[in-house]
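Asks: One structure is given below, represented as structure tokens, and several questions about it will come after.
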DNA sequence: ATGTGC
């Protein structure tokens with residue numbers, strides 16, 4: 161969208177009675193029609209496209225409140241902001257007091273990023289690339305991974321996350337876990353957000369994953385998933401903050417790998433269950449919110465709020481293990497091809513999660529936590545650079561940052577008949593992407609996404625993040 | 001996001 165058109169949109173919002181001003185690179189919108197209503201900061205690079213639908217969804221989110229107590233106290237939108245399917249835009253950060261909104265996270269609970277460096281340089285990597293691809297193609301795309309485990313270790317995972325799972329698995333490993341280096345995994349727990357271990361409970365997990373006896377064959381763990389999720393080899397192209405890079409253990413010219421995935425069907429199950437629960441818990445006799453975004457109120461039912469957060473944590477724990485196992489598959493195959501190559505974890509973080517902050521909660525949907533000193537990982541599309549950054553804890557943006565470039569064109573727009581599907585038009589020139597289905601390459605092509613550079617620059621200028629390293633893609637796997 | 005739907 162051109163700036164003029166964007167301006168017209170904000171003028172239209174003003175006409176609706178919304179107080180709208182432009183201050184220091186962000187549109188500041190007072191979104192609720194009341195004096196104490198929340199203000200939304202919408203950070204956009206100059207001349208940047210944004211969909212009206214996404215802004216309408218943000219305005220809708222601002223209006224969520226519970227008649228028995230609970231309201232939205234502030235919102236912001238990151239520059240990769242785009243419309244979401246479930247009525248909540250991707251790139252929404254919402255601060256709530258005395259309530260939580262299950263729909264604000266949605267189904268992709270603890271979708272997030274994981275970054276590893278490796279000891280390999282580009283030449284050594286390229287020499288083994290074909291063998292590695294042959295092995296990984298089977299692991300990632302054909303379903304041959306083996307993460308069979310006991311119901312007890314699944315329970316430990318759901319209730320205690322990675323700490324629970326590693327201690328349950330290390331003395332009696334099964335499946336691919338027999339080849340895991342548990343000492344390494346435990347040493348790396350402090351490089352996972354919240355140690356990858358949140359307070360969950362197996363009672364919220366899909367029952368099929370928790371049989372009374374015998375082994376669990378779960379077909380979700382160690383899988384990439386669809387959409388923008390990927391596993392990718394990259395090379396560290398440029399260090400933008402050498403001191404921070406040293407702390408992260410990342411060196412120029414190194415081959416690295418990055419993982420973007422979430423809680424798969426577990427998050428879908430838990431997310432859907434709790435959107436329905438929140439609807440059922442809405443006070444009888446009162447009109448439904450037209451947005452159908454139902455909050456859970458602390459004053460109305462504190463146990464239900466606690467149970468929801470526990471359920472979200474249960475799915476989050478599963479996502480942490482999913483990304484850890486995707487990385488383990490990578491390490492195990494790299495050992496097969498290159499011998500004993502170290503591939504240490506830099507960081508693993510969620511960008512789809514509810515967390516306590518101040519005297520309320522922050523729900524980020526497609527936005528990274530970026531508290532002061534926290535690592536932030538922002539992926540580009542499969543043809544463009546990804547970044548490691550450091551959070552600066554900007555209060556104006558609720559210590560948050562974007563989670564990617566943001567979609568510019570829908571999957572349908574990319575794949576429909578008549579669309580130019582040449583490599584040049586897709587922006588795929590020089591990109592090696594391994595997919596099971598050709599349509600994924602088209603739907604997820606670089607030109608389906610907005611440019612990453614202005615998104616990073618704008619957030620840097622706004623004082624949200626400091627870039628540490630730029631990573632260029634070499635080889636992408638997409639399911 | 002989801003072995004799904006435009």
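In the numbering used here, the protein residues as written are 161 to 639. We treat Cβ as the ideally placed atom computed from N, Cα and C, and that holds for glycine.
1) Does the separation of the CB atoms of residue 525 and residue 272 fall below 8 angstroms?
2) How is residue 313 classed by DSSP in three states: helix, strand or coil?
3) Taking the straight line between their C-alpha atoms, what separation do you get for residue 497 and residue 218?
4) In the DSSP output, what is residue 514 paired with across the bridge?
5) Can you give me the C-alpha to C-alpha distance between residue 252 and residue 628, rounded to a whole angstrom?
6) Note down, in chain order, each residue of its chain lying with its Cβ closer than 6 angstroms to the Cβ of residue 234, except the 5 sequence neighbours on either side.
7) Out of curiosity, what's the CA-to-CA distance linking residue 248 and residue 222?
8) Per DSSP, which residues does residue 551 bridge with? Please list them.
9) Checking 8 angstroms against the spacing of the C-beta atoms, do residue 388 and residue 583 come in under that value?
10) Please give the ranges of any beta strand (DSSP E) in the region 183-254, keeping only runs that are unbroken, at least 3 residues long and fully inside the region.
11) Candidates 201, 276, 240, 566: which alpha carbon is nearest residue 502's?
12) Whole angstroms is fine: what's the gap from residue 257's alpha carbon to residue 225's?
13) Determine, using beta carbons only, whether residue 551 and residue 530 come nearer to each other than 8 angstroms.
14) Just to confirm my understanding: we take residue 239, look at its own chain, exclude 5 residues before and 5 after, and list those with CB closer than 8 angstroms. What are they?
15) Does the distance from the CB of residue 634 to the CB of residue 394 come in under 8 angstroms?
16) List the residues that DSSP assigns as beta-bridge partners of residue 546.
17) Of all the options 431, 280, 401, 404, which has the alpha carbon lying nearest to the alpha carbon of residue 512?
18) Can you tell me whether residue 555 is buried or exposed, with buried defined as 16 or more other CB within 10 angstroms of its CB?
19) When the Cα atoms are used, what is the spatial distance from residue 348 to residue 414?
20) Can you give me the Cβ contacts of residue 592 inside the same chain, cut-off strictly under 8 angstroms, excluding the 5 residues immediately before and after it?
21) Rounding to the nearest angstrom, what Cα-Cα distance links residue 288 and residue 606 in this structure?
22) Alpha carbons only, please: which of 357, 341, 303 is nearest the one belonging to residue 321?
23) To which residues does DSSP link residue 347 through a beta bridge?
24) Look up residue 420 in the DSSP assignment and say whether it is helix, strand or coil.
25) Rounded to whole angstroms, what is the Cα-Cα separation between residue 378 and residue 514?
26) Please list the segments of the alpha helix (DSSP H) lying wholly inside the region 404-486, counting only runs of 4 or more residues, in order along the chain.
27) From this set, 440, 466, 444, 462, which residue's C-alpha is nearest residue 454's C-alpha?
28) Helix, strand or coil, according to DSSP, for residue 288 in the structure here?
29) Expressed to the nearest angstrom, what Euclidean distance is found between the alpha-carbon atoms of residue 626 and residue 409?
Replies: Answer, in terms of the structure:
1) Start at 1 with the first residue of the first chain, and residue 525 comes out as number 365. Start at 1 with the first residue of the first chain, and residue 272 comes out as number 112. Between residue 525 and residue 272, the C-beta spacing is not below 8 angstroms.
2) Here residue 313 refers to the residue found at position 153 when the first chain is read from its first residue. Helix, per DSSP.
3) As a working mapping, residue 497 is identified with position 337 in the first chain. As a working mapping, residue 218 is identified with position 58 in the first chain. If I take the Cα positions, the gap works out to 48 angstroms.
4) Stepping through the first chain from its first residue, residue 514 is reached at position 354. Answer is 523, bridged to residue 514.
5) Here residue 252 is taken as the residue at index 92 of the first chain, counted from 1. Here residue 628 is taken as the residue at index 468 of the first chain, counted from 1. Inter-residue distance for residue 252 and residue 628 is about 24 angstroms (C-alpha atoms, whole angstroms).
6) The sequence position of residue 234 within the first chain is 74, counting from 1. So the list reads 198, 255, once near-sequence residues are dropped.
7) Residue mapping note: residue 248 aligns to position 88 of the first chain, counting from 1. Residue mapping note: residue 222 aligns to position 62 of the first chain, counting from 1. In this structure, the straight-line span from the alpha carbon of residue 248 to that of residue 222 is close to 11 angstroms.
8) As a first step, residue 551 must be located in the first chain, where it is residue number 391. Answer by DSSP bridge pairing, in chain order: 625.
9) Counted from its first residue, the first chain places residue 388 at position 228. Counted from its first residue, the first chain places residue 583 at position 423. If you check the CB distance, residue 388 and residue 583 do not come in under 8 angstroms.
10) Counting only unbroken stretches of 3 or more residues, the beta strand (DSSP E) elements lying wholly within the region 183-254 are 186-190, 199-203, 231-242, in sequence order.
11) Here residue 502 is taken as the residue at index 342 of the first chain, counted from 1. Closest option to residue 502, Cα to Cα, is 276.
12) Counted from its first residue, the first chain places residue 257 at position 97. Counted from its first residue, the first chain places residue 225 at position 65. Between residue 257 and residue 225, the C-alpha separation is close to 10 angstroms.
13) Against the first chain, residue 551 aligns to sequence position 391. Against the first chain, residue 530 aligns to sequence position 370. Cβ distance < 8 angstroms, so residue 551 and residue 530 count as in contact.
14) For the purposes of this step, residue 239 is identified with residue 79 of the first chain, where counting begins at 1. In the same chain as residue 239, and ignoring 5 residues on each side of it, the C-beta atoms closer than 8 angstroms to its own belong to 203, 204, 205, 208, 251, 562, 566, 614, 615, 618, 619, in chain order.
15) As a working note, residue 634 is residue 474 in the first chain. As a working note, residue 394 is residue 234 in the first chain. Their beta carbons are under 8 angstroms apart, which means residue 634 touches residue 394 by this criterion.
16) Sequence index remark: in the first chain, residue 546 carries index 386 (1-based). Paired residue(s): 631.
17) Walking along the first chain from the start, residue 512 turns up at place 352. Per the Cα distances, 431.
18) Residue mapping note: residue 555 aligns to position 395 of the first chain, counting from 1. Classification of residue 555: exposed, given that the 10 Å Cβ count is below 16.
19) Residue 348 sits at position 188 when you count from the first residue of the first chain. Residue 414 sits at position 254 when you count from the first residue of the first chain. Taking the straight line joining both Cα atoms gives about 20 angstroms.
20) Taking the first chain and counting its residues from 1, the one referred to as residue 592 is at position 432. For residue 592, where only same-chain residues beyond five positions count, the Cβ hits under 8 angstroms are 634, 635, 636.
21) Taking the first chain and counting its residues from 1, the one referred to as residue 288 is at position 128. Taking the first chain and counting its residues from 1, the one referred to as residue 606 is at position 446. Using only the alpha carbons, I get a separation of about 26 angstroms.
22) Counting from 1 along the first chain, the entry for residue 321 is found at position 161. The residue with the shortest Cα to Cα distance from residue 321 is 357.
23) Stepping through the first chain from its first residue, residue 347 is reached at position 187. Residue pairing by DSSP places residue 347 in no beta bridge whatsoever.
24) Here residue 420 refers to the residue found at position 260 when the first chain is read from its first residue. In the displayed model, residue 420 falls within a strand according to three-state DSSP.
25) Reading the first chain from its first residue, position 218 is the one you call residue 378. Reading the first chain from its first residue, position 354 is the one you call residue 514. C-alpha separation (whole angstroms): 26 angstroms.
26) Within the region 404-486, the complete alpha helix (DSSP H) runs of at least 4 residues are 424-440.
27) Your numbering for residue 454 matches position 294 in the first chain. Checking every option, the nearest Cα to that of residue 454 belongs to 440.
28) Looking up residue 288 in the first chain gives position 128. Taken through DSSP and simplified to helix, strand or coil, residue 288 comes out as helix.
29) Working through the first chain from its first residue, we reach residue 626 at position 466. Working through the first chain from its first residue, we reach residue 409 at position 249. Approximately 17 angstroms between the Cα atoms of the pair.
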